[in-house]
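Notes to accompany the following structure.
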């Protein structure tokens with residue numbers, strides 16, 4: 158089984174924040190974590206420095222390769238920065 162993960166901290170959510178399954182909208186200084194395994198990319202976010210992770214609404218998504226999951230992670234980081242309930 159292949160897997161990979163990426164974490165980007167210090168991501169400031171734009172106006173409207175980011176929507177999670179467990180906690181609703183999060184805003185402010187966030188950490189974004191993507192795990193790729195078995196052809197899926199799962200994304201979680203947390204308040205930077207916190208220990209609690211929350212599943213990004215819509216996660217997981219199909220993602221056939223490690224390379225594509227890295228590109229997907231960067232797209233998620235940019236969407237969080239843009240806000241609007243990304």
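Numbering (my numbering), first residue to last: 158 to 243.
Beta carbons are placed, not taken as given, at the ideal position from N, Cα and C, and that holds for glycine.
Quick caveat, the model's predicted, so the values are computed rather than measured.
With fewer than 16 other beta carbons inside 10 angstroms of its own, residue 160 counts as exposed. In the displayed model, residue 162 falls within a strand according to three-state DSSP. For residue 201, the secondary structure class from DSSP, reduced to helix, strand or coil, is strand.
No residue range can be given for residue 184, since it is assigned to no beta strand (DSSP E) and is classified by DSSP as neither H nor E.
Three or more beta-carbon pairs separated by less than 8 angstroms link the region 193-209 to the region 224-233, which places the two stretches in contact.
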